[in-house]
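The structure under discussion appears below in the form of structure tokens.
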Amino acid sequence: MQLPRGKFRSIKKGVRLREILDDSRSSRLTCTCSFSSGPIHGILVFEEGVCILAKVQDRYGIPGWKEACSLADQVMDIAISDLDTAQIQLALEFNKKAYTGQRGRPPADRSEESRTGQKRHRERENDFIKITPARPIVSAQKSPLDQELISIDKDRESVTPRKEPGSTVARDSAGTHDDFDVFDETDLDDIERKMRKDCKTILKHLQLDHLTEK
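Add 85 to a position in the sequence shown, counting from 1, and you land on the number used in the numbering used here.
Here you go:
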């Protein structure tokens, strides 16, 4: 297996493998455990006392862990090194074939979770990108009120006819001539008689008929 170099803890010679397995479980060790005895050799990786990676002889993963358990009473030479959380993650990433499935999720799933987390982080960053508001566009068109006033003015212009200066003078002049023509054609004596008659009638109604000429 490809494993990071951990912090050396101890080397034990001529001990049963069972002792190390029990000690790792009870102490909740996070470490690598390399063992050998003659032609037998193997390596186990523990996370908080649980074996997560195993390789014994040419067996990986669960078969390798079962093989180690079957050798528990064998006397071995054992070397132990502590690992931290980051090193455990690296060990899982580079030794997927040796994963025992006894703790957490498979390395592939953990890697996928990491990529998903990074993607979600980028999406959250994009959500908080500030967008500079564009300046309001000043419209060259007139407001509805201005347009309505202009429409009213146009309607007034269309209804009210324009007066031509010359036409007014001409009509006034024509009317004056017509009045003179009427006076020319009327009998002035007849008008005078009618006016006198009307005056007498009015005085009579007002009981002032004594003022009339006899």
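Where is the CB? At the ideal position from N, CA and C, for every residue including glycine.
Which stretch, first to last residue, makes up the beta strand (DSSP E) that contains T117? Note, T117: beta strand (DSSP E), C116 to S122.
Helix, strand or coil for L129? Go by DSSP, reduced to three states. Here L129 sits in strand by DSSP.
Based on the DSSP output, what are the partners of L138 in its beta bridges? In the DSSP assignment, L138 is bridged to V130 and Y184.
Does the distance from the C-beta atom of M86 to that of A164 stay below 8 Å? Not in contact: M86 and A164 (Cβ atoms no closer than 8 Å).
Do C136 and Q174 come within 8 Å of each other at the CB atom, strictly closer than that value? For the pair Q174 and C136, the CB atoms are not nearer than the 8 Å cut-off.
If you draw a straight line from the C-alpha of I222 to the C-alpha of A171, how long is it? For I222, the predicted model reports a pLDDT of 48, less than 50, meaning its position is unreliable and no value from the coordinates is stated.
Indicate the three-state DSSP secondary structure (helix, strand or coil) for D162 in the structure shown. D162: strand per DSSP, three-state reduction.
Exposure of E132, with buried meaning 16 or more beta-carbon neighbours within 10 Å: Counting Cβ neighbours within 10 Å, E132 comes out buried, since at least 16 surround it.
Tell me the DSSP secondary structure of R144 in three-state form. Reduced to three states, the DSSP call for R144 is strand.
Here's a check: name, in chain order, each residue in its chain whose Cβ is nearer than 8 Å to the Cβ of P89, leaving out the five neighbours to either side. Excluding sequence neighbours, P89 sits near L168, Q172, L175 and A176.
Look up P89 in the DSSP assignment and say whether it is helix, strand or coil. In the structure shown, P89 sits in coil (DSSP, three-state: anything other than H, G, I, E or B).
How should K92 be labelled, buried or exposed, when 16 other C-beta atoms within 10 angstroms of its C-beta is the threshold for buried? K92 comes out exposed.
By the 10 Å Cβ neighbour count, where 16 or more other Cβ atoms means buried, how is T329 classified, buried or exposed? Residue 329 lies beyond the range of the chain shown here (86 to 299); nothing can be said about it.
Would you report the Cα separation of L291 and K282, rounded to the nearest angstrom? Rounded to the nearest angstrom, the two C-alpha atoms are 14 Å apart.
Quick one: measure Cβ to Cβ for R101 and A153, integer angstroms, because I've assumed they're closer than 8 Å. In this structure R101 does not touch A153 by the C-beta definition: roughly 12 Å separates them, more than the 8 Å allowed.
Figure out for me which residue from L106, G127 and L138 has the closest Cα to the Cα of E178. The candidate whose alpha carbon is nearest that of E178 is L138.
Do M161 and S112 have their CB atoms nearer than 8 Å? Contact: no.
For K140 and I125, believed in contact at Cβ under 8 Å, the rounded distance: Contact doesn't hold; Cβ gap of about 12 Å is too wide.
Measuring alpha carbon to alpha carbon, tell me which of Q159, D143 and L114 ends up nearest R94. Of all alpha-carbon atoms in Q159, D143 and L114, the one lying nearest the alpha-carbon of R94 is that of L114.
Distance, Cα to Cα, V244 vs D275? Bear in mind that the predicted position of V244 carries a pLDDT of just 48, short of 50, making it too unreliable to give a figure here.
Quick check on this structure: which residue in T185, D108 and K289 has the alpha carbon closest to the alpha carbon of G149? Answer by Cα proximity: T185.
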